[in-house]
Amino acid sequence: MGLNVPHDIKMKIKVVSIMYLVYYSWFLSKSSLKLSVPL
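In terms of our numbering, the sequence shown opens at residue 50 and continues consecutively.
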């Protein structure tokens, strides 16, 4: 069990970073759409 902990932490960090990048790119595209098309 102890040997698997660092691997699990690395996987969690990788998944969280990927989710953050996807959310950040979506947020940027949404904000850029707002800027390019003012309501």
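Beta carbons: idealized from backbone N, C-alpha and C, even for Gly.
Roughly how many angstroms lie between the CA atoms of residue i and residue j, to the nearest whole one?
i: PHE76; j: VAL54; result: 32 Å
i: HIS56; j: MET68; result: 18 Å
i: ILE58; j: SER74; result: 24 Å
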